[in-house]
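Number of protein chains: 2
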Amino acid sequence: MSVSSGEFKRMLQEKGFKLTTQRRTVLDVLQNNKGKHMTAEEIHEIVRQKCPEIGLATVYRTIQLLQELKLIDKLNLDDGYIRYEIGKFNDDNHHHHHHLICENCGKVIEVEDDLMGTIEERLESEYNFKITDHKVKFYGLCKDCK
Amino acid sequence: MSVSSGEFKRMLQEKGFKLTTQRRTVLDVLQNNKGKHMTAEEIHEIVRQKCPEIGLATVYRTIQLLQELKLIDKLNLDDGYIRYEIGKFNDDNHHHHHHLICENCGKVIEVEDDLMGTIEERLESEYNFKITDHKVKFYGLCKDCK
DNA sequence: ATTCCTGCAAAAACTTTGCACCATG
DNA sequence: CATGGTGCAAAGTTTTTGCAGGAAT
């Protein structure tokens, strides 16, 4: 489910990086807020509860690092903020997931499913393009807003 | 195919806006660069060929306006720039389109197709969510890079 | 004539970078 | 103890806003 400190340390060392309290804490916060899609500033605020002296710059640097390690993914809700979430390769099932975004209340619903297989096969042969990943967002009205 | 000046004027007036050379020119540039996914700055440079005195702020303001009128769409390639393209409701066929993004050379291929119908039906009933739009990006290697 | 629009420059918002000090392996 | 990381503040980007003059209806 989560990445242990040992695992994380090994992943870092593989690329010549060191394990620090700051890095461990940022990863913890992202793991403990799985459905939240936080901005760098929001991550910073929560991380400071455990690690009060951490600077926003370190959060940004750590976010970049975690992206390189494929532990987290970007999510852009087109509201001017880049958001981050624990990535698809960080949990047991390596499933992709999609987002249902309510245009009325802004709620973001996670869809833990991968329904894109057939479409991707078709596009791969039609365009001679090797697909390795996708990002899918659906917009509309959630059950409370429609 | 394209939005005529008369049509554009009517659309603007409906919302209490005026037709200006700047707005017409920005729309023209986006219509004439259909597959290009330009940033605000790129649009500004091209618009200046026809309208040399236009300021970047006006380009930003016009982009926002054209989005309100549903004439253009945002495209985020996660490279730090917001890009814009003529929207799906601006041409004869109201089809959505998707993007194949090559992670090696950065090329973006337009997929003029809408293959999401079945998936959307399934999600609508499963999550009681009314889907009105979607954004789909596929990442991988294009035929030249694989 | 009135209302809205534009250009410019300043400000705002988000992210990156430089540097001296500190921590990890 | 060598290398890389951190915090702070400054700088960099991209986008938005205020305002006086200008254009459209």
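Sequence order for the protein chains is Z and B.
According to this note's numbering, the first sequence is numbered sequentially starting from 949.
According to this note's numbering, the second sequence is numbered sequentially starting from 949.
Just so it is clear, CB atoms sit at the ideal spot from N, CA and C, and this is done for glycine as well.
- Rounded to whole angstroms, the separation of the alpha carbons of Z:Lys1055 and B:Ile1079 is 14 Å.
- Counting only the Cα atoms, Z:Tyr1087 lies some 13 Å from Z:Cys1093.
- Unbroken beta strand (DSSP E) stretches of 3 residues or longer found wholly inside the region 1020 to 1089 of chain Z: 1020 to 1024, 1030 to 1034, 1046 to 1050, 1056 to 1059 and 1078 to 1089, given in chain order.
- With 16 or more neighbouring CB atoms inside 10 Å of its own CB, B:Arg971 falls in the buried class.
- Judged by DSSP in its simplified three-state form, B:Thr969 adopts helix.
- In this structure, Z:His985 sits near Z:Glu1033, with a CB-CB distance shorter than 8 Å.
- Only Cys1050, Glu1051, Ile1057, Val1059, Asp1061, Leu1063, Met1064, Thr1066, Ile1067, Glu1068 and Arg1070 from the region 1050 to 1070 of chain Z bring a Cβ to less than 9 Å from some Cβ of chain B.
- Z:Ile994: member of the alpha helix (DSSP H) spanning Ala988 to Lys998, first to last residue.
- Under a 10 Å Cβ-count criterion, Z:Cys1053 is classified as exposed, with fewer than 16 other Cβ atoms of the shown protein chains found around its own Cβ.
- Sixteen is the threshold: since fewer than 16 other Cβ atoms of the shown chains lie within 10 Å of the Cβ of Z:Gly964, the residue is exposed.
- Under the three-state reduction of DSSP output, B:Ser953 falls in the helix class.
- Annotation: Z:Lys1018 has no Cβ neighbours in chain B at a cutoff of 7 Å; minimum Cβ distance is about 13 Å.
- Neighbours of B:Tyr1008 across chain Z, judged by C-beta separation under 7 Å, do not exist; the nearest C-beta is about 13 Å away.
- Only Lys1022, Asn1024 and Asp1026 from the region 1021 to 1038 of chain B bring a Cβ to less than 7 Å from some Cβ of chain Z.
- Residue-level contact check: B:His1045 does not touch chain Z, since none of the beta carbons of chain Z fall below 8 Å from its beta carbon.
- Residues of chain B with a Cβ closer than 8 Å to the Cβ of Z:His1082 are, in chain order, Val1084, Lys1085, Phe1086 and Tyr1087.
- What B:Cys1090 touches in chain Z, judged by beta-carbon distance under 7 Å, is Phe1077, going in chain order.
- When the alpha-carbon of Z:Lys1083 is set against those of Z:Asn1076, Z:Ser952, Z:Cys1090 and Z:Lys1022, the nearest one is in Z:Lys1022.
- Cα atoms of Z:Gly1003 and Z:Thr1010: separation of roughly 11 Å, rounded to the nearest angstrom.
- Under a 10 Å Cβ-count criterion, Z:Glu1068 is classified as buried, with 16 or more other Cβ atoms of the shown protein chains found around its own Cβ.
- One alpha carbon belongs to B:Phe1077, the other to Z:Glu955, and they sit about 39 Å apart.
- Around Z:Leu1048, the beta-carbon contacts reaching into chain B at under 9 Å are Leu1071, Tyr1075, Phe1077 and Ile1079.
- Contact annotation, B:Asn1024 with Z:Asp1026: C-beta distance approximately 7 Å; criterion of less than 8 Å satisfied.
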